[in-house]
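Engineer: Residue 16 in UniProt numbering sits at position 16 of the sequence shown, and the numbers go up by one each step. Just so it is clear, CB atoms sit at the ideal spot from N, CA and C, and this is done for glycine as well. Predicted, not measured: the structure shown is a model, and the values here were computed from it.
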Amino acid sequence: MEKIILASQSPRRKQLLEMAEIPFEVCAAETDETFPDNLSLYEIPEYIALQKALAVQQNNPGKIILAADTIVTIHNKIIGKPTDSEDAINILSRLSGHTHLVISGVVILAAEHKISFHEVTEVSFHELTKDQIIHYVEKYKPFDKAGAYAIQEWIGAVGIGSINGDYYNVVGLPVSKVVKELQKLNL
């Protein structure tokens, strides 16, 4: 497979591409993560991923660019990354005992091809105690994670009752679907 460019600094996305044995290099660019008001929740991460891909493509013409963005939503509202410990505790308290959606938008730009899709995973948390939430936030510091948690950490092992969909999507990238889309390009 031809080497691709990952338009992301996410250590989780890097790890997933390595696990899938996809040759890549990282080249991320700062991009505006605002989006038009008329987009559906499912279109938002695809739109942001496209902006990331286009920003990286400017300095890498002719290369295959992979970009992704992940949002967490509950009751049709986006939950972003926490700003501090208090915000992380509030976010996890809202998720506790409820089901939320993790939506990843993925864009692959290759020559004249543009592949864009989203993946949705439902995640249901058990009721978490305040002490469990505080422990997780203090120990794992989930400030760079949408929804204030990482499924592969302690909170996923003890707090998640079920998931419906792609586990790796919740980690940060629906890697099996990415592989299938890259294979369509005959790399």
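Bridge partners for Asn105 per DSSP, in chain order?
Structural biologist: Per the sequence presented here, residue 105 reads as Gly, with Asn not at that position. Bridge partners of Gly105: Asp69 and His118.
Engineer: Note down the Cα distance separating Thr44 from His75, rounded to an integer number of angstroms.
Structural biologist: Note that residue 44 is Ile in the sequence shown, not Thr. Computed Cα separation, rounded: 16 Å.
Engineer: Find out if the Cβ-Cβ distance for the pair Val107, Val72 is shorter than 9 Å.
Structural biologist: No, they are not a contact pair.
Engineer: Leaving out the 5 sequence neighbours to the left and right, which residues in its chain are closer than 6 Å to Val46 when beta-carbon positions are compared?
Structural biologist: Correcting the residue type first, residue 46 is Glu in the shown sequence and not Val. Cβ neighbours of Glu46 beyond the five flanking positions: Gly105, Ser116 and His118.
Engineer: Leaving out five residues before and five after Leu39 in sequence, what residues of the same chain have Cβ atoms less than 8 Å from its Cβ?
Structural biologist: Excluding positions up to five away in sequence, the list reads Tyr47.
Engineer: Under three-state DSSP, which class holds Asn164?
Structural biologist: Of the three classes helix, strand and coil, the one that applies to Asn164 here is strand, per DSSP.
Engineer: I'd like the list of long-range same chain contacts for Val179, defined as Cβ closer than 8 Å, with 5 residues on each side in sequence excluded.
Structural biologist: Taken in chain order, the residues that qualify are Ala20 and Ile22.
Engineer: Measuring straight from C-alpha to C-alpha, what distance separates Lys141 and Glu122?
Structural biologist: So the alpha carbons of these two residues sit roughly 23 Å apart.
Engineer: Give the C-beta separation of Ala53 and Ala67 to the nearest angstrom, bearing in mind that I take them to be a contact with Cβ-Cβ under 8 Å.
Structural biologist: The Cβ separation is near 4 Å, so the contact holds.
Engineer: Can you look up Ala110 in the DSSP assignment and give me helix, strand or coil?
Structural biologist: In this structure, Ala110 counts as strand in the three-state DSSP scheme.
Engineer: Just the C-alpha distance for Val170 and Ile151, rounded to the nearest angstrom, thanks.
Structural biologist: Distance between the alpha carbons of Val170 and Ile151: 7 Å.
Engineer: Under a three-way DSSP split, which group does Glu181 fall into?
Structural biologist: The answer is helix: DSSP assigns Glu181 an H, G or I state.
Engineer: Which of the three DSSP states, helix, strand or coil, is assigned to Pro124?
Structural biologist: Going by the sequence as given, residue 124 is Ser instead of Pro. Of the three classes helix, strand and coil, the one that applies to Ser124 here is strand, per DSSP.
Engineer: Which of the three DSSP states, helix, strand or coil, is assigned to Leu39?
Structural biologist: Here Leu39 sits in coil by DSSP.
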